[in-house]
Structures are given as C-alpha cells and as structure tokens.
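> In this note's numbering, the protein residues as written are 7 to 472.
This is the structure I have questions about; it appears just below.
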Amino acid sequence: MQRLKQPIWLAAILGLCWSIAVRAAEYPDFVTLVEQYSPAVVSIQTKSEPRERPGRGRPPIPENSPFHDYFKKFFEQMPDLPAQPRSSVGSGFIISPDGYVVTNAHVVEDMDSIVVGLPDRSELPAQVIGRDKRSDIALLKVKTDANLPAVKIGDSGKVKVGQWVLAIGSPFGFERTATQGIISALGRNLPSDNYVPFIQTDAAVNPGNSGGPLFNLDGEVIGVNSQIYSRSGGYQGVSFAIPIDVAMEVVEQLKTSGKVARGWLGVLIQEVTPELAQSFNLDKPRGALIGQVMADGPAQKAGVKTGDIIVTFNNQPVRHSSDLPLMVGRTRPGVSAPLTVIRDGKEQTLTVQIEQLPEEPMLQQAIAEPSTRNRLGLNVTELPPDQRKPGSAGVLVKDVEEEGPAASAGIRPGDIIARVNNVDVNDVGQFAELVKALPVGRPIPVLIRRDNGALFLALTIPDKTE
Numbered sequence: 007m008q009r010l011k012q013p014i015w016l017a018a019i020l021g022l023c024w025s026i027a028v029r030a031a032e033y034p035d036f037v038t039l040v041e042q043y044s045p046a047v048v049s050i051q052t053k054s055e056p057r058e059r060p061g062r063g064r065p066p067i068p069e070n071s072p073f074h075d076y077f078k079k080f081f082e083q084m085p086d087l088p089a090q091p092r093s094s095v096g097s098g099f100i101i102s103p104d105g106y107v108v109t110n111a112h113v114v115e116d117m118d119s120i121v122v123g124l125p126d127r128s129e130l131p132a133q134v135i136g137r138d139k140r141s142d143i144a145l146l147k148v149k150t151d152a153n154l155p156a157v158k159i160g161d162s163g164k165v166k167v168g169q170w171v172l173a174i175g176s177p178f179g180f181e182r183t184a185t186q187g188i189i190s191a192l193g194r195n196l197p198s199d200n201y202v203p204f205i206q207t208d209a210a211v212n213p214g215n216s217g218g219p220l221f222n223l224d225g226e227v228i229g230v231n232s233q234i235y236s237r238s239g240g241y242q243g244v245s246f247a248i249p250i251d252v253a254m255e256v257v258e259q260l261k262t263s264g265k266v267a268r269g270w271l272g273v274l275i276q277e278v279t280p281e282l283a284q285s286f287n288l289d290k291p292r293g294a295l296i297g298q299v300m301a302d303g304p305a306q307k308a309g310v311k312t313g314d315i316i317v318t319f320n321n322q323p324v325r326h327s328s329d330l331p332l333m334v335g336r337t338r339p340g341v342s343a344p345l346t347v348i349r350d351g352k353e354q355t356l357t358v359q360i361e362q363l364p365e366e367p368m369l370q371q372a373i374a375e376p377s378t379r380n381r382l383g384l385n386v387t388e389l390p391p392d393q394r395k396p397g398s399a400g401v402l403v404k405d406v407e408e409e410g411p412a413a414s415a416g417i418r419p420g421d422i423i424a425r426v427n428n429v430d431v432n433d434v435g436q437f438a439e440l441v442k443a444l445p446v447g448r449p450i451p452v453l454i455r456r457d458n459g460a461l462f463l464a465l466t467i468p469d470k471t472e
C-alpha cells in the first residue's frame, strides 16, 4: 500500500505542473509587448495662457418672473472673472522616426504650449500640423535630430471581438501606464461622433489616456484611445478607441493640407425600426430612412426624396442608419456613387455626386433652412455638438410664435425638445414627421430639457374645424 502512494503523488504533481503550464500558455506575454513598444508612447503636456472670462451669466430666474429684470441688471453689472491658465496631460504615439505624433484633437484644443515627453524623460516642444474635431484626431510634429522609436501601424479591419488588447498611456499623469483587456464590440456609433465606427474595449482607460495607442498582440496599433462611458468620470469597463484605419486616413490629409475633406450627401436620416419596416413593407429592418433632404444638396440633385430608404451606397449594403454617415464621410468629394433606395416598395438606383461636407455653421444653416414654421408654431434646428450627450438626443428650439400652440404650452427659445407624444426625438427630420402625425384637440405630452433640468409640458394643437 505504501508503495502505491509515491506514483500517485508524482502523477498529481505532474498533473498540477501541466495545468499551470497550460494556463500560462493561455495568457499573452504582455511583458515583452510593453518592453518593445512603450518607447514609442509619449505623454503630452499642454498649457493655455490666461484668458478673460466674462462674469455676466444668464440670470437663473425665468423670463416671466417679476424678478427677472432685477436679476438681469445685477448680472450685467458683475465684473469679469479673473483670468485663469489651463493645463492638462494626455497621451500620444510616434508614427515616424522624424517626429510625427498622433493624439486626440481634444487633448491639444485651444492650447498655447504643447510639450511631448519621451520615455528617456526628455521633453520636446510640438507643433500642431492639423486637428480634426469630427474624428478627434490631431497630428503633431516635434523637431529632433535623433531617430525616434515609432509604432507599427496595424489593420483595424482585421480586428475581432474577443481578441486581447493592450493600452498604454498617461492616466492622471502616470506616464506609460499599461492596461490590458479584450475587444468588446466593433463599429460602435456614438451620438456626437457620426464619422467614427468606434472600437469598444474593457481595457482600463482614464483621463490622461486620451490619444494613447491600443495595441494588438503583434505589437501593432489598431486604435487610438479616445473616450470612456462613465457615470462617475472614471473607468467603468467601457472604453472606446478610434480605429487606426480611420485615424491614418485623417493623418494623411492633415499632413498634406492641414485639414480633412469629407463627403456629404445632404440628408437627415433615422433608424428603420421593426415597426417602420412593417409600415414600409420591408421584409426586415434595414437601411437608412430619409427624414429630410437638404435644399440644393447632392441628394436632392440626385432625386432622393423624403421617405426613401437607402439600402446600398457605392455598392455596399447599409444595414443600419449609422452605417451611412461613415460610408459617405470616407468618400472623396467629387466621386459619383450609385445609391439604391426603396421607394413605394420598389428598389431604384440613383447616382449621386458626393460634395464636400460644409463647415459646421454652414451645415447648421443648411439643416435649419427647411425647418420653417410647423403646426406647433416654432422653429427648431439640430443640437450643436457641444450640447449632444450620450443617451440624450433632441432638437433645439430657435424661436417660438407668440400665440402658437408651443408658446401656449410654455415652450421657449433655447429649450431642447427631447420627446413628443412619448416618442424620443432624434433629429429635425424625425421631429417634423412626429409633428405631422400629432392629433388635434387633445393634450400631448412633450418632454423638454431646460437649464440642466427636465420638464414635461402639455401641448394642444387646436382643431380649426370647430
């Protein structure tokens, strides 16, 4: 009996060693990755000179209050706030030995001094070659005689959900911090970024990581860490990176001309829900539903109409409405592209010549022009980018007719209409369709956002036949 124990123990030990070896083989060698590729990751320290900030704010009193004029006068007499300098720390990575550095546009926005910190603790002043707000990519250049270490650029088109990734950056100023995770999802569309199909990961990303690289296990950069989804302001397991393919397309244009030219179709779109698919006699939800065609835009010139459903663009299927801005934005202006739409239950092929996406003020004007007085007696426009928040869309009220239904309900200019008749408002085109379908003669719930709060109002469209 004693003789049997020795082989049993030996077998148990061998089995344990084999189990440990198998488990070790299941995990990637992050040590080697960090040692080889972190030298090309940099910190970015930014400063802005003090700027005068107006102290005259909007009085926190409703305009119809008897105290409004008193407080307005009080606020107008307040002195300007003292000027304050700003400083912050972000991340970036070197893409060429001669000193080109990629980071996020928001890291260097409105900054007067930009310094790139290298792993050897040396610091180099950087020049902004170009900054693209829509993709949140900026290209910097540092002057140096040395051959700087550069990253390897990967192919984000080959990325798969579940694969391991490594993020390196300077969260909270802690330089060259490495965190690991997996790809959680691909092609994420965020409300404020219609031109980026984000990579979602669970790698820990915090303030200061912005602009840093996301590596695959081959040591290739597949993304630029950009945003987190958080209720606390810190990491909560949901991080977003700009695919490197998108980033490098922007970088090449910034290097050549200092700005980015994107394609523009000139439509406002919405998602085709199962209910809408059934109402349009589609076999399943697909495509992008046209809620508004902008006057004199490429789509109108090509014959696209409100109510059309775009199901292919440039011979590529449009499965979700979020696919279309990405496809159009990456199409060079001047290119003629085939467009398949479903109209009255039948497919039609049109040819559209893509134009250049206008600058933001011109674009807002183009969007707002068709938004004339409607049944509610108000004008609306799309939300400016700085007022768009994840999970909360809506339209901005420009002005209100004095004796119209909207004014009677208490809606004011500057309000954000978030929901009408229990339906969330996504954009101007969808809002117009909702208003057309509203019943008359009975109160309709309208949810508005005003002064960082939310308020339901009851709106009634009068029955003019009475």
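Note that CB positions come from ideal geometry on N, CA and C, so glycine has one too.
1) Can you name, in chain order, every residue of its own chain whose Cβ lies under 7 Å from the Cβ of Leu145, other than the five neighbours on each side?
2) Skipping 5 residues on each side, what residues in its chain have a beta carbon closer than 8 Å to that of Ile360?
3) Taking only three categories from DSSP, how would you classify Ala443?
4) Nearest CA to the CA of Ala46: which residue from Ala294, Asp126 and Val266?
5) CA-CA distance, Gly218 and Gly229?
6) Using the three-state DSSP reduction, which class does Phe180 fall into: helix, strand or coil?
7) Taking only three categories from DSSP, how would you classify Asp251?
8) How long is the line joining the alpha carbons of Lys311 and Val299, rounded to whole angstroms?
9) Measure the C-alpha to C-alpha separation of Ala210 and Ala247 and round it to an integer number of angstroms.
10) Can you grab the Cα-Cα spacing for the pair Val324 / Val157, in whole Å?
11) Hey, Ser285 and Tyr201 are a contact pair by Cβ (cut 8 Å); roughly how many whole angstroms apart?
12) On a Cα-Cα basis, can you pick out the residue from Asp208, Gly179, Glu181 and Thr185 that is closest to Leu192?
13) Does DSSP classify Phe437 as helix, strand or coil?
14) Can you check DSSP and say which residues form a bridge with Ser93?
15) Taking all protein chains shown into account, decide if Val37 is buried (16 or more other Cβ within 10 angstroms of its Cβ) or exposed.
16) So who's on the other strand from Val347, going by DSSP bridges?
17) Look up Gly335 in the DSSP assignment and say whether it is helix, strand or coil.
18) In terms of residues, what are the limits of the alpha helix (DSSP H) holding Phe36?
19) Report the residue from Gln306, Ala283 and Asp289 whose alpha carbon sits nearest the alpha carbon of Val295.
20) Only counting runs of 4 or more residues, tell me where the alpha helix (DSSP H) segments fall wholly within the stretch 197 to 270, in order along the chain.
21) Quick check on DSSP: helix, strand or coil for Ser328?
22) Taking buried to mean at least 16 other C-beta atoms within 10 Å of its own C-beta, is Ser119 buried or exposed?
23) May I have the straight-line CA-CA distance separating Phe180 from Ser162, to the nearest angstrom?
24) Using only CA atoms, which one of Gly96, Glu129, Gln242 and Gly435 lies nearest to Met117?
25) Determine, using beta carbons only, whether Ile101 and Pro155 come nearer to each other than 8 Å.
26) CA-CA distance, Gly383 and Ala111?
27) In chain order, which beta strand (DSSP E) runs of at least 3 residues are fully inside the stretch 123 to 183?
28) Name the DSSP beta bridge partners of Gly293, please?
29) Return the first residue and the last residue of the alpha helix (DSSP H) that Leu282 is part of.
30) Quick one: using the 10 Å Cβ neighbour count with 16 as the cut-off for buried, is Asn385 buried or exposed?
31) Hey, would you say Gln186 sits closer than 8 Å to Leu172, going by beta carbons?
32) Count the other CB atoms within 10 Å of the CB of Gln242; is the residue buried (16 or more) or exposed (fewer)?
33) Assuming contact is defined by CB atoms lying nearer than 8 Å, are Ser327 and Val278 in contact in what I supplied?
34) Closest to Ser176 by C-alpha separation, out of Val446, Asn212, Lys166 and Thr150, would be which residue?
35) According to the neighbour-count rule (16 or more other Cβ atoms, all chains shown, within 10 Å of its Cβ), is Asn428 buried or exposed?
36) Which residues bound the beta strand (DSSP E) around Pro451?
If we stick to the structure as given:
1) The residues are Tyr106, Val108, Ile135, Gly136, Val257, Leu260 and Lys261.
2) In chain order, Gly269, Trp270, Leu271, Pro304, Val334, Thr337, Arg338, Pro339, Gly340, Val341, Ser342 and Ala343 place their CB closer than 8 Å to the CB of Ile360, counting only its own chain and leaving out the 5 sequence neighbours on each side.
3) DSSP, reduced to helix, strand and coil, places Ala443 outside both helices and strands of the structure shown, so it counts as coil.
4) Distances from the alpha-carbon of Ala46 to those of Ala294, Asp126 and Val266 put Asp126 closest.
5) Rounded to the nearest whole angstrom, the CA to CA distance from Gly218 to Gly229 is 9 Å.
6) In the structure shown, Phe180 sits in coil (DSSP, three-state: anything other than H, G, I, E or B).
7) Assigned with DSSP and collapsed to three states, Asp251 falls in helix.
8) Distance from the CA of Lys311 to the CA of Val299, rounded to the nearest whole angstrom, comes to 6 Å.
9) Cα to Cα, the separation comes out at about 12 Å.
10) Taking C-alpha positions only, Val324 is separated from Val157 by approximately 34 Å.
11) The Cβ separation is near 30 Å, so there is no contact.
12) The residue with the shortest Cα to Cα distance from Leu192 is Asp208.
13) It is helical.
14) Lys53, per the DSSP bridge assignment.
15) The residue is exposed, with fewer than 16 neighbouring Cβ atoms inside 10 Å.
16) According to DSSP, which records beta bridges pairwise, Val347 is partnered with Ile316 and Gln354.
17) Judged by DSSP in its simplified three-state form, Gly335 adopts helix.
18) Residues Phe36 to Tyr43.
19) According to the sequence as given, residue 295 is Leu; it is not Val. Comparing Cα-Cα distances from Leu295 to each of Gln306, Ala283 and Asp289, the minimum goes to Ala283.
20) Counting only runs that start and end inside the stretch 197 to 270, the alpha helix (DSSP H) elements of at least 4 residues fall at 250 to 263.
21) Ser328 sits in coil when the DSSP states are folded into three classes, being neither helix nor strand.
22) Per the 10 Å Cβ criterion, exposed.
23) Looking at the two C-alpha atoms, the distance is approximately 27 Å.
24) Closest by C-alpha distance to Met117, out of Gly96, Glu129, Gln242 and Gly435, is Gly96.
25) No, they are not a contact pair.
26) Rounded to the nearest angstrom, the gap between the Cα atoms of Gly383 and Ala111 is 39 Å.
27) At a cut-off of 3 residues, the continuous stretches assigned as beta strand (DSSP E) that sit fully inside the stretch 123 to 183 are 129 to 138, 143 to 148 and 170 to 175.
28) In the DSSP assignment, no residue is bridged to Gly293.
29) Note, Leu282: alpha helix (DSSP H), Pro280 to Ser285.
30) Buried is the call here.
31) In this structure, Gln186 places its C-beta atom within 8 Å of the C-beta atom of Leu172.
32) Classification for Gln242: exposed.
33) Using a Cβ distance threshold of 8 Å, Ser327 and Val278 count as a contacting pair.
34) Closest by alpha carbon: Asn212.
35) Around the Cβ of Asn428, a 10 Å sphere holds fewer than 16 other Cβ atoms; the residue is exposed.
36) Secondary structure note for Pro451: its beta strand (DSSP E) is the uninterrupted segment Ile450 to Arg456.
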